[in-house]
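Counting from 102, one number per residue, gives the positions in the sequence shown under the numbering used here. Notes follow once the structure below has been shown.
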Amino acid sequence: MKKGTSWLVPILIAIFMIAGCGKKSGLEGKIVDYKGQPLSGLNVIAHQVQPIEGYAEFETATGQDGKFLFKDFYPSSDYVISVRHKDWRSDAVAQVTAGPGGKTIKLKEPIRILFAVSGDGVITDFTSGLEWMGGPDEDTNWDAAQAWCLNLSVAGGGWRMPTRTELNTLYNNGFGKRNLTSIFKKTVWGVWSGEHLNNEKACDFDFTTGLEAWRLRTTADYERAFAVRSPK
């Protein structure tokens, strides 16, 4: 390089970087139900993990084919994708890294909606079809759990204590902190079932181990109440 022109180097590099950063990146994905069928009309929200002004949040919607497209991501930046409907929100999330500037990347797998919670707190399990409500996030003995379930009137009532088999359908080994969808928002380890041997013992389901155990009905430590019903 000729003498006296070296000062151009940093300027040229800066111009190149600015030009590169000006090219936004895109993301294409698909939302499906538990059967793999496309879900249309859903709001898909992207939150930037490390917010940059003008790039922190985007929203789009799924088409008839369940597909969505973002066009304005900050290149090579991390985003968390979540899904909502006008009547419910889902626990389904995906963390993705945007592609380089000017490129659109595709999710390798569709985002699958397994659970959703309505505005009144009713949790729908789309796989089993059951509807759930999580009780107070506090230590609860069996009799208190039963009373809470029977007195629950949310969304038309009809609630009861779950069976051991029904609780087992919620168990997902390795998922989240407690092998349970975070949509319940409980610091739960054990949940009472409605099954009891006598006036002394009842069966709970331990989400730590995925096992059942017969415990004294007066036991409250680390126990919670869930209510369940078939959809109305």
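We treat Cβ as the ideally placed atom computed from N, Cα and C, and that holds for glycine.
Beta-carbon contacts of tyrosine 323 that lie in its chain and below 6 Å, excluding the five residues immediately before and after: Indexing the sequence shown from 1 puts residue 323 at position 222. Trp290 and Gly291.
Where the beta strand (DSSP E) through glutamine 247 begins and ends: Taking the first residue of the sequence shown as position 1, residue 247 is located at position 146. That residue, glutamine 247, is in no beta strand (DSSP E); its alpha helix (DSSP H) goes 243 to 252.
Closest Cα partner of histidine 186 within the set Phe285, Asn144, Ala157 and Lys302: Within the sequence shown, numbered from 1, the residue matching residue 186 stands at position 85. Checking every option, the nearest Cα to that of histidine 186 belongs to Asn144.
Secondary structure of isoleucine 146, DSSP reduced to three states: For this step, residue 146 is matched to residue 45 along the sequence shown. Three-state DSSP puts isoleucine 146 in a strand.
Residues of its chain near threonine 241, where Cβ-Cβ distance is below 8 Å and the 5 sequence neighbours each way are ignored: Taking the sequence shown and counting its residues from 1, one reaches residue 241 at position 140. Cβ within range, chain order: Trp249, Trp293, Ala321, Glu324, Arg325 and Ala326.
Given 8 Å, three or more beta-carbon pairs between the region 198 to 212 and the region 225 to 235: no
Inter-residue CB distance, valine 181 and histidine 148 (contact presumed, cutoff 8 Å): Counting from 1 along the sequence shown, the entry for residue 181 is found at position 80. Counting from 1 along the sequence shown, the entry for residue 148 is found at position 47. Their Cβ separation, rounded to whole angstroms, is 5 Å, which keeps valine 181 and histidine 148 in contact under 8 Å.
Opening and closing residue of the beta strand (DSSP E) in which leucine 140 lies: Translated into positions along the sequence shown, residue 140 becomes position 39. Unbroken run through leucine 140: none, as it is neither H nor E.
Validate contact between the region 169 to 176 and the region 126 to 143 using beta carbons, cut 8 Å, 3 pairs: Yes, the region 169 to 176 is in contact with the region 126 to 143.
Residues bridged to isoleucine 206 (per DSSP): Reading the sequence shown from its first residue, position 105 is the one you call residue 206. Bridge partners of isoleucine 206 according to DSSP: Leu128.
Methionine 102 to tyrosine 156 span [Cα, whole Å]: Position 1 of the sequence shown, counted from the start, is the residue given in the question as residue 102. Position 55 of the sequence shown, counted from the start, is the residue given in the question as residue 156. Confidence at methionine 102 is low in this model, with a pLDDT of 49, below 50, so its placement is unreliable and the value that follows should be read with caution. Approximately 39 Å, taken between the alpha carbons.
Other residues of its chain near serine 141: CB distance less than 7 Å, five sequence neighbours each side excluded: What you label residue 141 is simply residue 40 of the sequence shown in a count that begins at 1. Same-chain partners within the cutoff: Thr163, Gly164, Gln165 and Gly167.
Contact under 7 Å by Cβ, aspartate 221 with valine 255: Taking the sequence shown and counting its residues from 1, one reaches residue 221 at position 120. Taking the sequence shown and counting its residues from 1, one reaches residue 255 at position 154. Contact flag set, yes.
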